[in-house]
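In short: position in the sequence shown from 1, add 442, done, that's this note's numbering.
Let me begin by presenting the structure, written as C-alpha cells, before commenting on it.
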Amino acid sequence: MADLWQNAMDYAVAIARKAGEMVREALRDDRKVMTKSSSVDLVTQTDQKVEQLIIQSVKEKFPTHRFIGEESVAAGEACDLTDSPTWIIDPIDGTTNFVHAFPFVAISIGFSVNKQSEFGVVYSCLEDKMFTARRGKGAFCNGEQLKVSDQEDIKQSIIATEFGSSRDPEAVDKIFSSLRNILCIPVHGVRGAGSAAINLCLVASGCVEAYYEIGIHIWDVAAGSLIVSEAGGVLIDVEGGAVDLMSRRLVAANSRTIAERIVKEIDSFSPLRDDAPPPKQ
Ligand code: IPD
C-alpha cells in the first residue's frame, strides 16, 4: 500500500525550506521584538509571518487538516489534539536565539493522526540541516540516517537541558537543583542549544546522550520526539512513565538506562498543561 502520509511529509520539508529562507532573510533586517507571557517570552513578526506561511500553504493542499501552532495558540486558539490529521507547528523554535542572532534556530513541523506521530521535520535553518523522521522508517539529517549514541554510562555522557522562559523563583530553584544533581553525578558536561527541537536532534544524532526540560510546549517537541525515537532513542516523563506531550515535561535519551538515571535526579514540577482550559475572565 502506498504510504499515505509520505506526500504530506515531502510537502512539509519543502515548506520548512521556504520558511528557513524567510528566517535567514529576516536575520539581516531589524527584528522588532514583542513579549507574550512574560518579559523573557519573546515573539517577533517573523514568528507570526512564518506560521501564517506554513498554515496557508498546508490549507491549500490539505483543506481538512487541523493545526496547533505556537503563535495561533498565543493569539487565543485552542491547543486541541484530536484524532484528525493535525500539523503541530513551531515557526521559530529558538526565538530568543533568533532575536540575538545566536545561531541555532529551527522550524519545527510535527504531524499526528489518531494522536500518533506520523512524521517530524526540524529544519535548523542557519546550519542548513534538515532533520526528518517518518514513523517506522528511521530518522535522517540531510539524507543521512541518524542513530543515537550507544554510551550507557551517564558519567561518560553530555546531557542537554534549558533554563526555559519561566522566571518563577520556585520553578527556577527546581531547575537549578536538578541541574546541580545531574552535573554532580558527575557527567562530562551539560549543554543547551536554546532550541528544544535542535536539542532533540542532537540526541538523535548521538552528539549528546540525553535532553530533558520542564516547561517546553507540544509545538517545541512534537517533531523532534519522533526524530529521537526513530533514531533508536527513548522518551519518558520526568517522573518516569509514558510521555504526554501536553504535559510540558520530557526526558529524551539514547537509552532507557540513561533516561531513568536522569529521572532519579530531577526535582520535578508541573507547569500548566498546554491543553488546560483558558482561565475564566
Ligand atoms: C523555546 C525553546 C527553548 C526552550 C523553551 C521553548 P520558542 O521555544 O525551545 O529552548 O527552553 O522551553 O519554549 O519559544 O523559541 O519557540
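Cβ coordinates follow ideal geometry from the N, Cα and C atoms, glycine included.
**Item:** Cβ-Cβ separation, T477 to L469 (assumed contact under 8 Å), whole Å
**Value:** Here residue 469 corresponds to residue number 27 of the sequence shown, with the count starting at 1. Here residue 477 corresponds to residue number 35 of the sequence shown, with the count starting at 1. 20 Å between Cβ atoms; not a contact.
**Item:** Cβ shell of F540 (< 6 Å), same chain only, five flanking positions each side left out
**Value:** What you label residue 540 is simply residue 98 of the sequence shown in a count that begins at 1. Same-chain partners within the cutoff: I534 and V547.
**Prompt:** Measuring from the CB of A638, is there a heavy atom of ligand 1 at a distance below 7 Å?
**Reply:** As a first step, residue 638 is located in the sequence shown; it is residue number 196 there, counting from the start. Checking the Cβ of A638 against ligand 1 gives yes.
**Prompt:** Going by DSSP, which residues form a beta bridge with T603?
**Reply:** For this step, residue 603 is matched to residue 161 along the sequence shown. For T603, which the question treats as bridged, DSSP gives the partners Y654.
**Asked** Are L568 and R715 closer than 8 Å when you measure CB to CB?
**Response** Along the sequence shown, one-based indexing puts residue 568 at 126. Along the sequence shown, one-based indexing puts residue 715 at 273. Cβ distance not < 8 Å, so L568 and R715 don't count as in contact.
**Prompt:** Out of curiosity, what's the CA-to-CA distance linking S550 and G606?
**Reply:** Here residue 550 corresponds to residue number 108 of the sequence shown, with the count starting at 1. Here residue 606 corresponds to residue number 164 of the sequence shown, with the count starting at 1. Looking at the two C-alpha atoms, the distance is approximately 17 Å.
**Request:** State yes or no: is the C-beta of G657 within less than 8 Å of the C-beta of S608?
**Result:** As a position in the sequence shown, residue 657 is number 215, starting the count at 1. As a position in the sequence shown, residue 608 is number 166, starting the count at 1. Yes, they are a contact pair.
**Prompt:** Are I660 and I531 touching if we call contact CB-CB under 8 Å?
**Reply:** Within the sequence shown, numbered from 1, the residue matching residue 660 stands at position 218. Within the sequence shown, numbered from 1, the residue matching residue 531 stands at position 89. Cβ atoms of I660 and I531: not closer than 8 Å.
**Prompt:** From what residue to what residue does the alpha helix (DSSP H) around F618 run?
**Reply:** Numbered from 1 along the sequence shown, position 176 holds the residue referred to as residue 618. Unbroken alpha helix (DSSP H) run through F618: P611 to L625.
**Request:** Taking V663 as the reference, give the member of G674, D686 and G682 with the closest Cα.
**Result:** Looking up residue 663 in the sequence shown gives position 221. Ranking G674, D686 and G682 by Cα distance to V663 puts D686 first.
**Request:** Just the C-alpha distance for E681 and N556, rounded to the nearest angstrom, thanks.
**Result:** What you label residue 681 is simply residue 239 of the sequence shown in a count that begins at 1. What you label residue 556 is simply residue 114 of the sequence shown in a count that begins at 1. Rounded to whole angstroms, E681 to N556 spans 25 Å at the Cα level.
**Message:** Could you give the first and the last residue of the continuous alpha helix (DSSP H) run that contains E681?
**Reply:** Counting from one through the sequence shown, the residue named residue 681 turns up at place 239. No alpha helix (DSSP H) contains E681, which DSSP labels as neither H nor E.
**Message:** Could you check whether the Cβ of G511 sits closer than 7 Å to any heavy atom belonging to ligand 1?
**Reply:** Position 69 of the sequence shown, counting from 1, holds the residue named residue 511. Not under cutoff, so the answer is no.
**Request:** Quick one: using the 10 Å Cβ neighbour count with 16 as the cut-off for buried, is T506 buried or exposed?
**Result:** The count along the sequence shown starts at 1 and reaches residue 506 at position 64. The residue in question, T506, is exposed, as its Cβ has fewer than 16 Cβ neighbours within 10 Å.
**Item:** Three-state class that DSSP yields for T699 in the structure shown
**Value:** Taking the sequence shown and counting its residues from 1, one reaches residue 699 at position 257. Helix at T699.
**Message:** Let me check you understand the geometry: is the CB of T699 closer than 7 Å to at least one non-hydrogen atom of ligand 1?
**Reply:** Within the sequence shown, numbered from 1, the residue matching residue 699 stands at position 257. No, Cβ of T699 sits at least 7 Å from all heavy atoms of ligand 1.
**Asked** From G462, P527, I708 and V455, pick the residue whose C-alpha is nearest to that of L621; which is it?
**Response** Taking the sequence shown and counting its residues from 1, one reaches residue 621 at position 179. The option with the nearest alpha carbon to L621 is I708.
**Asked** Just how far apart, CA to CA, sit K616 and D445?
**Response** What you label residue 616 is simply residue 174 of the sequence shown in a count that begins at 1. What you label residue 445 is simply residue 3 of the sequence shown in a count that begins at 1. When rounded, the distance between both Cα atoms is 44 Å.
**Prompt:** Cα separation between I640 and H630?
**Reply:** Here residue 640 refers to the residue found at position 198 of the sequence shown. Here residue 630 refers to the residue found at position 188 of the sequence shown. Rounded to whole angstroms, I640 to H630 spans 20 Å at the Cα level.
**Message:** I need the DSSP call for G666, collapsed to helix, strand or coil.
**Reply:** Stepping through the sequence shown from its first residue, residue 666 is reached at position 224. Reduced to three states, the DSSP call for G666 is helix.
**Message:** Using only CA atoms, which one of A613, V645 and S499 lies nearest to S710?
**Reply:** For the purposes of this step, residue 710 is identified with residue 268 of the sequence shown, where counting begins at 1. Checking every option, the nearest Cα to that of S710 belongs to A613.
**Asked** Say the cut is 7 Å; is the CB of S607 nearer than that to a heavy atom of ligand 1?
**Response** Against the sequence shown, residue 607 aligns to sequence position 165. Yes, the beta carbon of S607 sits closer than 7 Å to at least one heavy atom of ligand 1.
**Prompt:** Are the region 562-579 and the region 633-649 touching, with three or more C-beta to C-beta distances below 8 Å?
**Reply:** yes
**Asked** Fully enclosed by the region 491-545, which beta strand (DSSP E) runs are 3 residues long or longer?
**Response** 508-511 and 528-535
**Asked** Is any heavy atom in ligand 1 found nearer than 7 Å to the beta carbon of D535?
**Response** Taking the sequence shown and counting its residues from 1, one reaches residue 535 at position 93. At least one heavy atom of ligand 1 is nearer than 7 Å to the Cβ of D535, so yes.
**Asked** Leaving out the 5 sequence neighbours to the left and right, which residues in its chain are closer than 7 Å to F544 when beta-carbon positions are compared?
**Response** Taking the first residue of the sequence shown as 1, we reach residue 544 at position 102. Excluding positions up to five away in sequence, the list reads G636.
**Asked** Taking all protein chains shown into account, do 16 or more other C-beta atoms lie within 10 angstroms of the C-beta of S479, making it buried, or fewer, making it exposed?
**Response** Locating residue 479 in the sequence shown gives position 37, where the first residue counts as 1. So S479 ends up on the exposed side.
**Request:** Evaluate G698 with the Cβ neighbour count: other Cβ atoms within 10 Å of its Cβ, from every protein chain shown; 16 or more gives buried, anything less gives exposed.
**Result:** For the purposes of this step, residue 698 is taken as residue 256 along the sequence shown, with counting starting at 1. Position check: residue 698 holds Arg in this sequence, whereas Gly was assumed. Label assigned to R698: exposed.
**Item:** Classification of E439 by the beta-carbon crowding that lies within 10 angstroms, buried from 16 upward
**Value:** Only positions 443 to 723 of the chain appear in this structure, which leaves residue 439 out of reach.
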